[in-house]
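Novice: Residue numbers (my numbering): 18 to 956. For each residue, glycine too, the CB sits at the ideal point set by N, CA and C. Quick caveat: nothing in here was measured; it's all calculated off a predicted structure. My questions will all concern the structure given below.
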Ligand SMILES: *[C@@H]1O[C@H](CO)[C@@H](O)[C@H](O)[C@H]1NC(C)=O
Ligand SMILES: *[C@@H]1O[C@H](CO)[C@@H](O)[C@H](O)[C@H]1NC(C)=O
Ligand SMILES: *[C@@H]1O[C@H](CO)[C@@H](O)[C@H](O)[C@H]1NC(C)=O
Ligand SMILES: *[C@@H]1O[C@H](CO)[C@@H](O)[C@H](O)[C@H]1NC(C)=O
């Protein structure tokens with residue numbers, strides 16, 4: 018500190034204030050006049066004195082007197098000259114001093130300015146430290162207060178033994194099996210991870226002589242189960258054992274000829290089952306898979322009904338009411354799709370909501386020859402059967418009439434057609450056979466708003482392969498299934514899938530109200546049904562892979578064993594032991610004029626807190642809405658929040674209410690995160706490609722950014738950073754991750770070192786201010802499921818072609834996308850980007866080297882059914898003087914038009930939604946830009 022004397026300061030101050038020239042004149046005047054006047058008076062007095070003394074002889078020597086006068090004058094002049102000289106030198110001195118003072122003044126004011134900024138700087142730092150200390154104290158207090166330690170995971174408990182041999186249970190008991198009576202829970206501890214063991218279908222044949230399992234299924238099943246993380250090779254630790262028993266095929270070519278032979282010999286050999294090495298006498302924890310594929314003939318009915326399957330769980334598409342054990346056996350959809358991979362191209366577009374036909378049906382009533390022998394297995398109520406047949410006839414009559422009524426709605430009923438193939442599906446004594454070929458039916462379904470599906474005509478069936486196949490077909494084509502006799506049947510996985518939202522179930526007696534009901538359904542609901550149907554179809558039915566994953570997941574879900582954690586991508590640093598970055602303290606234009614929050618050490622977001630409750634409280638949404646029931650995520654954007662009083666009463670841990678709950682603005686606001694979620698931090702992901710200096714500057718600007726957990730730089734270039742590069746030390750960890758290859762998809766890699774839920778994705782050249790970032794973060798905390806960011810764009814309907822979208826980045830009062838060049842989003846979506854999005858979308862991103870941000874907007878809007886949130890930004894993002902990125906380029910734009918249209922095709926609709934809303938901080942005063950028109954004139 019330099020102390021400045023008040024006196025010279027005041028003087029200097031005055032000096033500055035008075036006009037300088039005037040001062041000079043005045044000082045000169047004073048300096049010159051004072052000695053002159055003094056001298057004049059003094060010399061006058063002297064002269065007077067001398068004139069008095071000389072008076073006596075003044076008359077006598079007059080000429081002498083003249084001489085004296087001359088001399089006096091000369092002396093006076095000399096005196097004056099001398100005085101002038103001394104005055105001049107004094108003046109010069111004073112001028113020099115003045116210059117000195119002026120210079121000093123300048124240095125002092127410079128010093129003052131410097132000290133002022135230093136003071137402000139220290140003040141902010143001090144405040145920051147104070148907040149940080151306070152926050153640390155709160156955290157410590159919390160840690161001390163918490164009297165229960167974090168729950169440690171019990172040791173993974175898996176059995177280490179093969180199942181013991183127990184005596185088989187009588188059939189009358191096995192027919193009533195439920196999980197509590199027939200399942201051995203001791204093999205499946207909650208922490209076991211649900212290991213499953215597959216008997217190799219080639220080594221453990223369980224079919225009778227003359228039967229075999231479909232070869233395609235055998236190989237495909239082995240292959241796709243190989244991708245399932247639950248699969249284990251060790252039978253000792255297995256919780257359940259999978260046995261592939263079907264689809265059973267007669268191993269001769271001519272099926273019809275052999276019907277007579279195999280009637281007495283069921284496909285399944287119960288003795289072979291008992292010989293399975295881990296059967297344990299009663300088949301505990303065994304899952305018998307009978308998967309049907311339509312294009313191969315099977316006429317087996319319920320192949321298990323005549324076999325003793327002990328305590329095994331049965332999985333198939335055909336069940337008698339009498340034999341189906343609810344919440345024990347599992348109804349599945351036939352595996353009609355490909356082994357795995359993208360399935361979107363099989364689906365038709367979802368709009369328009371209303372298609373050419375309101376309702377269609379194609380099928381012919383057929384007699385099932387194989388049924389007759391099955392009849393002895395189930396109790397048939399002759400009276401009921403008779404009533405049912407009468408009802409069926411009435412329904413037929415009514416529908417035929419309906420097709421001929423004069424209404425604007427179109428129906429297509431085809432009751433007499435060429436059946437697809439003889440005995441193609443499991444049927445009752447008589448049932449609706451499929452009509453036409455797969456593709457001919459598909460083309461009709463694509464033009465149908467609703468697809469009529471009959472429950473099996475014999476009422477002892479709860480499900481048949483045919484019924485499930487019809488539902489499958491309808492959903493694939495976006496026709497909403499209308500199941501007449503819906504109260505008789507159960508669809509696949511009905512313990513987890515809410516089929517009410519997918520299909521319309523009507524009792525047969527409602528056939529006369531059918532037309533009315535369908536007509537009342539508005540477009541919104543039609544599209545909801547259709548979208549839900551597509552979601553269910555894609556996720557659970559479409560391929561062999563999805564079917565098997567679903568079977569495993571449903572069984573696991575029953576036991577409330579959490580899924581295995583979602584895969585993350587290994588974060589390989591570009592640096593290693595010999596190649597280390599050079600760190601320098603970051604400088605540059607760090608905006609620190611405002612304290613924006615505490616600087617804290619990295620604090621990981623709490624993870625995996627709901628392993629055992631998520632499936633219970635939100636399991637329904639997991640299966641039917643936004644979730645992924647196959648994997649466990651560290652945290653979800655849809656995790657529930659506490660009521661606001663809970664954080665003051667009982668559950669306050671981690672919360673940082675503003676003003677400790679009193680609220681406030683200014684300091685109180687910047688001190689605490691507030692909001693409805695506990696404290697957290699965010700990670701910045703920077704994607705970069707060969708712009709080292711731009712990147713370095715961007716990183717340096719992050720120094721002192723509160724709530725920043727760490728920075729992850731994805732190094733997309735195959736060339737490693739130059740070893741001379743000086744990396745800024747910003748006080749938070751910076752990870753430079755080597756990308757496997759140059760791809761924009763890498764922006765969304767679910768890296769293992771992302772420790773926070775909030776991720777700020779930024780381009781390497783985006784220039785965001787600290788306050789912008791933190792405001793964005795606070796807004797995101799209230800919209801955790803959405804993209805929250807700065808650059809808004811929209812998709813505009815092309816009025817020229819009238820059938821496609823255009824990408825638009827102009828100013829507009831409506832937007833539908835927020836680009837991920839500067840946006841917050843939840844880590845969960847990074848997983849979904851790689852797991853949920855069809856590969857075709859990531860391929861398109863690679864093809865164009867473009868559009869990854871559009872893809873992410875599609876994904877998030879698809880899941881949330883909400884638009885993104887745009888946040889107020891004060892400045893532009895692009896740094897001035899930086900090499901311009903491609904984005905202004907025309908081909909770049911053309912590609913983005915194409916991307917939107919292609920993505921819409923893949924999704925089957927355009928999930929983007931418009932928003933006219935922007936988030937400002939509550940006390941923000943909007944400044945009107947001069948050159949721009951606002952949406953409203955005064956607000
Ligand atoms: C089950 O069958 C066994 C023999 O077949 C019989 O002894 C037993 O009483 C039956 N149990 C029930 C509950 O019907
Ligand atoms: C470390 O990385 C550098 C640069 O890629 C490479 O030349 C070197 O061999 C690596 N050293 C080790 C120990 O992996
Ligand atoms: C929850 O699951 C995760 C991932 O499997 C695991 O790391 C974590 O320890 C589990 N926590 C508890 C309390 O079970
Ligand atoms: C954007 O605005 C400019 C000027 O208003 C206009 O010329 C241009 O066509 C607009 N671009 C798009 C894609 O709408």
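Taking 7 Å as the limit between beta carbons, can you name the residues of its chain near residue 270, skipping five residues before and five after?
Specialist: As a position in the chain shown, residue 270 is number 253, starting the count at 1. Low confidence applies here, because residue 270 scores a pLDDT of 46, under 50, leaving its location unreliable and the question unanswered by this model.
Novice: Just reading off the beta strand (DSSP E) that residue 428 is part of, what are its end residues?
Specialist: Here residue 428 corresponds to residue number 411 of the chain shown, with the count starting at 1. 428 to 431 is the extent of the beta strand (DSSP E) around residue 428.
Novice: Taking the alpha-carbon of residue 253 as reference, which of 215, 84, 568 and 736 has the nearest alpha-carbon?
Specialist: Against the chain shown, residue 253 aligns to sequence position 236. Checking every option, the nearest Cα to that of residue 253 belongs to 215.
Novice: Can you list, in chain order, the residues of its chain whose CB lies under 6 Å from that of residue 715, leaving out five sequence neighbours each side?
Specialist: Against the chain shown, residue 715 aligns to sequence position 698. Cβ neighbours of residue 715 beyond the five flanking positions: 781.
Novice: Report the rounded CA-to-CA distance for residue 260 versus residue 330, giving the unit in angstroms.
Specialist: The residue you call residue 260 lines up with position 243 of the chain shown. The residue you call residue 330 lines up with position 313 of the chain shown. Looking at the two C-alpha atoms, the distance is approximately 10 Å.
Novice: What number of angstroms, rounded off, separates the C-alpha of residue 798 from the C-alpha of residue 640?
Specialist: The residue given as residue 798 occupies position 781 in the chain shown. The residue given as residue 640 occupies position 623 in the chain shown. Taking the straight line from one Cα to the other gives about 25 Å.
Novice: Can you give the beta carbon distance from residue 719 to residue 699, rounded, assuming they're within the 8 Å contact cut?
Specialist: Stepping through the chain shown from its first residue, residue 719 is reached at position 702. Stepping through the chain shown from its first residue, residue 699 is reached at position 682. 11 Å between Cβ atoms; not a contact.
Novice: May I ask whether a heavy atom of ligand 3 can be found less than 7 Å away from the beta carbon of residue 174?
Specialist: Numbered from its first residue, the chain shown carries residue 174 at position 157. No, Cβ of residue 174 sits at least 7 Å from all heavy atoms of ligand 3.
Novice: Confirm the yes/no value for this check: CB of residue 628, any heavy atom of ligand 3, distance under 7 Å.
Specialist: Position 611 of the chain shown, counted from the first residue, corresponds to residue 628. Indeed, a heavy atom of ligand 3 lies less than 7 Å from the Cβ.
Novice: Report yes or no: do the stretch 333 to 352 and the stretch 567 to 580 share at least 3 C-beta pairs separated by less than 8 Å?
Specialist: Taking 8 Å as the limit for Cβ pairs, the verdict is that the stretch 567 to 580 does touch the stretch 333 to 352.
Novice: DSSP puts residue 380 in a beta bridge; with which residues?
Specialist: Reading the chain shown from its first residue, position 363 is the one you call residue 380. Looking at the DSSP assignment, residue 380 forms a beta bridge with 451.
Novice: Skipping 5 residues on each side, what residues in its chain have a beta carbon closer than 7 Å to that of residue 668?
Specialist: As a working note, residue 668 is residue 651 in the chain shown. Answer for residue 668: 659, listed in chain order.
Novice: Suppose contacts are defined by Cβ-Cβ distances below 8 Å. Is residue 841 in contact with residue 805 by that definition?
Specialist: Counting from 1 along the chain shown, the entry for residue 841 is found at position 824. Counting from 1 along the chain shown, the entry for residue 805 is found at position 788. In this structure, residue 805 lies closer than 8 Å to residue 841 by Cβ.
Novice: What residue from 887, 783, 790 and 882 has the CA that sits closest to residue 834's CA?
Specialist: The residue labelled residue 834 in the question sits at position 817 within the chain shown. Nearest C-alpha to residue 834: 887.
Novice: Please classify residue 516: does DSSP put it in a helix, a strand, or coil?
Specialist: As a first step, residue 516 is located in the chain shown; it is residue number 499 there, counting from the start. Helix, per DSSP.
Novice: Which residue wins for smallest C-alpha separation from residue 706, given the options 763, 596, 188 and 646?
Specialist: Sequence index remark: in the chain shown, residue 706 carries index 689 (1-based). Ranking the options by Cα distance to residue 706, first place goes to 763.
Novice: In chain order, what are the residues with a CB under 6 Å from some non-hydrogen atom of ligand 2?
Specialist: After applying the 6 Å Cβ criterion, the set is 593, 594, 595, 596 and 737.
Novice: Name the one or two DSSP bridge partners that residue 412 has.
Specialist: Reading the chain shown from its first residue, position 395 is the one you call residue 412. Partner(s): none; residue 412 has no beta bridge.
Novice: State the CB to CB distance for the pair residue 622 and residue 652, rounded to an integer number of angstroms; the pair is presumed to be in contact (CB under 8 Å).
Specialist: The count along the chain shown starts at 1 and reaches residue 622 at position 605. The count along the chain shown starts at 1 and reaches residue 652 at position 635. Confirmed, about 6 Å.
Novice: Going by the C-beta, is residue 170 closer than 7 Å to any heavy atom of ligand 3?
Specialist: As a position in the chain shown, residue 170 is number 153, starting the count at 1. Checking every heavy atom of ligand 3 against the Cβ of residue 170, one is found closer than 7 Å.
Novice: Can you determine whether any heavy atom of ligand 3 sits closer than 7 Å to the C-beta of residue 650, and answer yes or no?
Specialist: Numbered from its first residue, the chain shown carries residue 650 at position 633. No - ligand 3 has no heavy atom lying nearer than 7 Å to the Cβ of residue 650.
Novice: Where do the N-terminal and C-terminal ends of the alpha helix (DSSP H) with residue 783 fall, by residue?
Specialist: Working through the chain shown from its first residue, we reach residue 783 at position 766. Neither: residue 783 is in no alpha helix (DSSP H) and is coded neither H nor E.
Novice: Closer than 7 Å to a non-hydrogen atom of ligand 6 - does that hold for the CB of residue 625?
Specialist: Only ligand 1, ligand 2, ligand 3 and ligand 4 can be found as ligands here, which leaves ligand 6 out of the picture.
Novice: Take residue 381 as the anchor and find which of 130, 433 and 337 has the nearest alpha-carbon.
Specialist: Your numbering for residue 381 matches position 364 in the chain shown. Out of 130, 433 and 337, 433 has the C-alpha closest to the C-alpha of residue 381.
Novice: Report the rounded CA-to-CA distance for residue 251 versus residue 333, giving the unit in angstroms.
Specialist: In the chain shown, residue 251 corresponds to position 234, counting from 1. In the chain shown, residue 333 corresponds to position 316, counting from 1. Straight-line Cα distance between these residues: approximately 26 Å.
Novice: Which residue comes first and which comes last in the beta strand (DSSP E) that contains residue 480?
Specialist: Reading the chain shown from its first residue, position 463 is the one you call residue 480. Here the beta strand (DSSP E) through residue 480 covers 478 to 480.
Novice: Check residue 726 in the structure and name its three-state DSSP category.
Specialist: Against the chain shown, residue 726 aligns to sequence position 709. Strand, per DSSP.
Novice: At a cut-off of 7 Å, would you count residue 646 as near ligand 3, judging by its Cβ distance to the nearest heavy atom?
Specialist: Within the chain shown, the letter at position 629 stands for residue 646. Answer for residue 646: no, Cβ out of range of ligand 3.
Novice: DSSP beta-bridge partners for residue 706?
Specialist: In the chain shown, residue 706 corresponds to position 689, counting from 1. Per DSSP, none; premise fails for residue 706.
Novice: To the nearest angstrom, how far is it from the Cα of residue 76 to the Cα of residue 102?
Specialist: Along the chain shown, read from residue 1 onward, the residue named residue 76 stands at position 59. Along the chain shown, read from residue 1 onward, the residue named residue 102 stands at position 85. Any reading at residue 76 is ruled out, since the residue's pLDDT is 44, under 50, leaving its predicted position unreliable.
Novice: Could you check the C-alpha separation between residue 462 and residue 365 for me, to the nearest Å?
Specialist: Locating residue 462 in the chain shown gives position 445, counting from the first residue. Locating residue 365 in the chain shown gives position 348, counting from the first residue. Roughly 10 Å between the two C-alpha positions.
Novice: Which whole-angstrom value describes the C-beta separation of residue 802 and residue 654, a residue pair presumed to lie in contact below a C-beta threshold of 8 Å?
Specialist: Along the chain shown, read from residue 1 onward, the residue named residue 802 stands at position 785. Along the chain shown, read from residue 1 onward, the residue named residue 654 stands at position 637. 4 Å between Cβ atoms; contact.
Novice: Quick one: using the 10 Å Cβ neighbour count with 16 as the cut-off for buried, is residue 830 buried or exposed?
Specialist: Sequence index remark: in the chain shown, residue 830 carries index 813 (1-based). Under this definition residue 830 is an exposed residue.
Novice: Measure the C-alpha to C-alpha separation of residue 198 and residue 546 and round it to an integer number of angstroms.
Specialist: On the chain shown, position 181 is the one that residue 198 refers to. On the chain shown, position 529 is the one that residue 546 refers to. When rounded, the distance between both Cα atoms is 38 Å.
Novice: Would you check if the stretch 290 to 300 and the stretch 153 to 164 touch, i.e. whether three or more CB-CB distances between them fall below 8 Å?
Specialist: With the cut-off at 8 Å, the stretch 153 to 164 and the stretch 290 to 300 do not touch.
Novice: Any heavy atom of ligand 3 within a distance shorter than 7 Å of the CB on residue 745?
Specialist: Your numbering for residue 745 matches position 728 in the chain shown. No - ligand 3 has no heavy atom lying nearer than 7 Å to the Cβ of residue 745.
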